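Visitor:
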Amino acid sequence: MKSLVIQLARLGDIYQSWPALRALKRRQPAGEIHLLTRPRFAGACEGLTAVDRVHLLPTQQILQPLVSSSISGIEESLEKLRELTSALRSENFDQIVNLSFSPLSSYLVHQIETNGTKIKGYTRFSDGYLRIPDDMSAYFYAQVGPGRPNRFHLCEIFATLLGVDLSPPDWQAPQLPAIDHLGLPGEFVAVHVGASESHKRVTYSKWINILSHLRKLRPVKIALIGGSDEVAIGEQMAAAVPAGELTNLVGRLDLLQTMAVLQRASLLVGPDSAPLHMASLVGVPSLNLSVGELNFWETGPRSPGSVVLPAASEEDLPSDTVADMVARLLQHQRLPFATIQACPGTPSYTGLSRQVGALGTSATQVGAVTDEFAWQLLKAIYQGDPFPPPPDKWFLEGICQLIDVNSFVIETLQAVHEPKDLQTRAGLLDRGEEIIETVAKLVPSLIPAIRWYKTEKVRLGPLPFIELRDRNLAIQKMFQDFLEVYVQPTDFQPSVTKEAP
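In structure tokens, the structure reads:
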């Protein structure tokens with residue numbers, strides 16, 4: 018088996034791909050694994066012995082000629098793309114697995130695939146529209162991302178796409194370089210001062226306040242890590258703390274050296290970024306300051322003993338709370354009730370949380386129940402688990418409205434026998450879809466189910482007319498089966514009563 022895995026995302030996503038790639042190599046030791054990534058992030062492939070060959074997407078060479086806005090520049094970019102896709106196509110891969118879930122990667126897959134190539138992940142139909150060939154990719158399209166109710170970690174999602182089961186050996190350190198010359202203390206806490214996106218970052222003043230509070234609780238040696246973009250904040254922090262307390266390594270380490278430093282640390286404290294996922298590979302617990310528009314269920318730390326502190330912004334993350342958690346983790350003390358902790362299995366965390374986003378905006382009991390309901394609803398739809406009781410009367414009213422409009426859509430489709438029938442009824446069908454969208458806006462707890470339904474529609478590709486009609490009808494009837502679960506006589510009781518949707 019010769020496989021091409023496409024991972025064009027950032028460093029952290031590549032490190033989260035390591036366990037699945039290792040599991041694939043373990044399952045197919047004689048197989049050949051190729052990885053396509055971007056030059057800027059190719060360093061995250063160093064030490065990953067499961068990959069036999071790394072291919073680079075020449076991003077700069079493709080994009081730079083486009084800046085000229087000339088015909089020759091466009092032709093030059095297209096030629097670079099043709100060279101890449103032609104070279105990859107000539108490899109005759111048995112399967113291509115796209116872990117990037119991006120428009121660009123879907124077009125690349127379509128250009129690389131040949132007849133007989135097994136495809137998982139986004140690609141394109143012959144008419145250029147998005148093709149979602151497998152159920153996990155459909156789940157990702159509908160339910161994964163900030164503000165959505167997914168609780169499957171990306172590591173498990175990647176593994177499912179690759180068709181493998183993960184085991185503890187898949188999370189382990191690679192061969193790491195010696196770092197004795199860095200002069201690190203015997204025990205220390207690693208602090209990552211940066212992040213790939215601004216909304217994830219913790220500011221200099223917040224870090225200083227955290228260290229000040231921590232100093233009052235117990236003496237701790239600190240090793241700062243970060244990339245070249247964070248050198249200034251590292252220097253500021255080093256100048257602001259007492260001499261001998263802090264070792265500033267910001268901008269001084271390559272990726273494997275950073276991983277070696279993390280392997281020696283007692284704890285990593287930092288935002289959702291690459292070092293967090295490095296720490297998971299070397300087995301070091303992390304305190305994840307999950308700040309900003311994130312879903313920690315998907316991208317949080319996996320090492321045993323890790324803790325997540327989620328916050329919409331750093332203002333919602335008290336410095337003394339962070340310092341207290343660091344001290345408790347270092348001293349192996351009991352953690353506060355409802356602390357979000359890493360655990361084996363799926364979901365990968367225990368504790369109470371509030372996932373701010375499409376299903377609610379306030380950290381209330383009602384919101385927490387709604388989030389839990391959304392997750393249980395996903396498991397029922399996608400895994401066949403029992404359906405959860407409705408969260409409120411508005412959910413049931415929305416179900417009734419959807420049954421009415423979906424029944425109308427089914428009747429309309431059943432009256433379509435040839436293209437001219439569709440022409441006279443297209444407006445009615447469009448109106449039905451608009452009403453379904455409106456119900457989703459009025460009853461947010463129905464959003465996961467409606468996104469599931471709409472994604473199944475997206476998956477329909479170019480088909481003969483009658484087959485396309487029949488496939489649409491099958492989706493509408495599948496949606497109707499779901500809706501009718503909540504109008505059958507059951508013991509369902511609304512778990513929360515709300516005054517408004």
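Number 337 in my numbering belongs to position 320 of the sequence shown; there are no gaps in the numbering. Beta carbons are placed, not taken as given, at the ideal position from N, Cα and C, and that holds for glycine. Note that the structure is predicted; figures quoted are calculated from it, not measured.
1) Helix, strand or coil for TYR366 per DSSP?
2) Rank SER283, GLY268 and LEU73 by C-alpha distance to the C-alpha of ARG345 and give the top, closest one.
3) Tell me LEU284's beta-bridge partners as DSSP assigns them.
4) In terms of residues, what are the limits of the alpha helix (DSSP H) holding ASN423?
5) On a CA-only basis, which of TYR503, CYS417 and VAL460 is nearest PRO406? Give me that one, please.
6) Is the stretch 70-77 close to the stretch 51-59, with three or more CB pairs under 8 Å?
7) Measure the C-alpha to C-alpha separation of LYS396 and VAL475 and round it to an integer number of angstroms.
8) Given that a residue counts as buried once 16 or more other Cβ atoms are within 10 Å of its Cβ, and exposed if not, what is THR363?
9) Looking at the structure shown, is HIS434 part of a helix, part of a strand, or coil, going by DSSP?
10) Measure the C-alpha to C-alpha separation of PRO465 and TYR156 and round it to an integer number of angstroms.
11) Residues in its own chain within less than 6 Å of LEU21 by CB, not counting five upstream and five downstream?
12) For ALA457 and GLN393, I'd like the C-alpha separation in whole angstroms.
13) For the candidate residues ALA277, ILE398 and SER213, whose alpha-carbon lies nearest to that of ARG27?
14) Let's see if you can read the secondary structure: which residues bound the beta strand (DSSP E) around ARG70?
15) With distances taken from CA atoms, which of SER154, LEU98 and LEU95 is nearest SER119?
16) If you drop the 5 nearest sequence neighbours on each side, which residues of the same chain put their C-beta closer than 6 Å to that of THR381?
17) Which runs of the alpha helix (DSSP H) spanning at least 4 residues fall entirely within the stretch 147-189, listed in chain order?
18) So, is ARG165 buried or exposed, given that buried needs 16 or more other C-beta atoms within 10 angstroms?
19) Pop quiz: LEU347 and ILE420 are said to be a contact at Cβ under 8 Å. What is the actual Cβ separation, rounded to whole angstroms?
20) Under the three-state reduction of DSSP, which class applies to VAL126: helix, strand or coil?
21) Could you check what DSSP says for LYS217 in three-state terms: helix, strand or coil?
22) Strictly by DSSP, which residues pair up with THR54?
23) For a test of the three-state rule: what should DSSP assign to ALA328, helix, strand or coil?
24) According to DSSP, simplified to helix, strand and coil, what is GLN348?
25) So what does DSSP say about GLN112, is it helix, strand or coil?
26) Indicate the three-state DSSP secondary structure (helix, strand or coil) for GLU49 in the structure shown.
27) Would you call the stretch 166-178 and the stretch 472-492 in contact, with 3 or more CB pairs under 8 Å?
28) If you check the beta carbons only, do GLY64 and PRO191 fall under 8 Å apart?
29) If the criterion is Cβ atoms closer than 8 Å, does the pair SER330 and SER297 meet it?
30) State the CB to CB distance for the pair LEU324 and LEU352, rounded to an integer number of angstroms; the pair is presumed to be in contact (CB under 8 Å).
31) Since VAL299 is in the alpha helix (DSSP H), which residue starts that stretch and which ends it?
32) Which of the three DSSP states is assigned to GLN358 in this structure?
33) Return the CA-CA distance between VAL219 and THR441, expressed in angstroms with no decimal places.
34) Less than 8 Å between the beta carbons of LEU116 and SER229, yes or no?
35) Rounded to a whole number of angstroms, what is the C-alpha to C-alpha distance between GLN493 and ASP182?
36) Mark THR140 as exposed unless 16 or more other C-beta atoms lie within 10 angstroms of its C-beta, in which case mark it buried.
Guide: To lay it out plainly:
1) Taking the sequence shown and counting its residues from 1, the one referred to as residue 366 is at position 349. Strand at TYR366.
2) Residue numbering aside, residue 345 sits at position 328 when the sequence shown is read from its first letter. Checked all of SER283, GLY268 and LEU73; the closest Cα to ARG345 is SER283.
3) Indexing the sequence shown from 1 puts residue 284 at position 267. Answer is VAL206.
4) Within the sequence shown, residue 423 is the residue found at index 406, counting from 1. Run containing ASN423: 410-431, per the alpha helix (DSSP H) assignment.
5) Taking the sequence shown and counting its residues from 1, one reaches residue 406 at position 389. It is TYR503 whose Cα lies nearest to the Cα of PRO406.
6) yes
7) Here residue 396 is taken as the residue at index 379 of the sequence shown, counted from 1. Here residue 475 is taken as the residue at index 458 of the sequence shown, counted from 1. If I take the Cα positions, the gap works out to 21 Å.
8) Here the question's residue 363 lines up with position 346 in the sequence shown. Exposed, since its Cβ has fewer than 16 Cβ neighbours within 10 Å.
9) To locate residue 434, count along the sequence shown from 1; it is residue 417. Here HIS434 sits in coil by DSSP.
10) What you label residue 465 is simply residue 448 of the sequence shown in a count that begins at 1. What you label residue 156 is simply residue 139 of the sequence shown in a count that begins at 1. Distance between the alpha carbons of PRO465 and TYR156 is about 10 Å.
11) In the sequence shown, the residue the question calls residue 21 occupies position 4. HIS51, PHE110 and ILE113.
12) Position 440 of the sequence shown, counted from the start, is the residue given in the question as residue 457. Position 376 of the sequence shown, counted from the start, is the residue given in the question as residue 393. So the two alpha carbons sit approximately 18 Å from each other.
13) Here residue 27 refers to the residue found at position 10 of the sequence shown. It is SER213.
14) Counted from its first residue, the sequence shown places residue 70 at position 53. Segment 70-73, the beta strand (DSSP E) holding ARG70.
15) In the sequence shown, counting from the first residue as 1, residue 119 sits at position 102. Answer by Cα proximity: SER154.
16) Translated into the one-based positions of the sequence shown, residue 381 becomes position 364. Residue confidence for THR381 is low, a pLDDT of 36 falling below 50, so the modelled location carries little weight; the figure read from the coordinates is stated next. Same-chain partners within the cutoff: there are none.
17) 152-160 and 171-179
18) Within the sequence shown, residue 165 is the residue found at index 148, counting from 1. Classification of ARG165: buried, given that the 10 Å Cβ count is 16 or more.
19) The count along the sequence shown starts at 1 and reaches residue 347 at position 330. The count along the sequence shown starts at 1 and reaches residue 420 at position 403. So it is not a contact: roughly 56 Å between Cβ atoms.
20) What you label residue 126 is simply residue 109 of the sequence shown in a count that begins at 1. Helix, per DSSP.
21) By one-based count along the sequence shown, residue 217 stands at place 200. Helix, per DSSP.
22) Position 37 of the sequence shown, counted from the start, is the residue given in the question as residue 54. Paired residue(s): LEU73.
23) To locate residue 328, count along the sequence shown from 1; it is residue 311. Strand, per DSSP.
24) For this step, residue 348 is matched to residue 331 along the sequence shown. Note: GLN348 maps to coil in three-state DSSP.
25) Here residue 112 corresponds to residue number 95 of the sequence shown, with the count starting at 1. Correct three-state label for GLN112: strand.
26) Here residue 49 is taken as the residue at index 32 of the sequence shown, counted from 1. If DSSP states are grouped into helix, strand and coil, GLU49 belongs with the strands.
27) no
28) Here residue 64 corresponds to residue number 47 of the sequence shown, with the count starting at 1. Here residue 191 corresponds to residue number 174 of the sequence shown, with the count starting at 1. Their beta carbons are under 8 Å apart, which means GLY64 touches PRO191 by this criterion.
29) By one-based count along the sequence shown, residue 330 stands at place 313. By one-based count along the sequence shown, residue 297 stands at place 280. Not a contact, by the Cβ cut-off of 8 Å.
30) Position 307 of the sequence shown, counting from 1, holds the residue named residue 324. Position 335 of the sequence shown, counting from 1, holds the residue named residue 352. Checking the sequence, you will find Val at residue 324 rather than Leu. Yes, VAL324 and LEU352 are in contact; Cβ-Cβ is about 7 Å, under 8 Å.
31) Within the sequence shown, residue 299 is the residue found at index 282, counting from 1. Element bounds for VAL299: 291-299.
32) Looking up residue 358 in the sequence shown gives position 341. In this structure, GLN358 counts as strand in the three-state DSSP scheme.
33) The residue labelled residue 219 in the question sits at position 202 within the sequence shown. The residue labelled residue 441 in the question sits at position 424 within the sequence shown. About 57 Å.
34) Translated into the one-based positions of the sequence shown, residue 116 becomes position 99. Translated into the one-based positions of the sequence shown, residue 229 becomes position 212. The answer is no: Cβ separation not under 8 Å.
35) For the purposes of this step, residue 493 is taken as residue 476 along the sequence shown, with counting starting at 1. For the purposes of this step, residue 182 is taken as residue 165 along the sequence shown, with counting starting at 1. For GLN493 and ASP182, the distance between alpha carbons rounds to 33 Å.
36) As a first step, residue 140 is located in the sequence shown; it is residue number 123 there, counting from the start. It is buried - the Cβ of THR140 has at least 16 other Cβ atoms within 10 Å.
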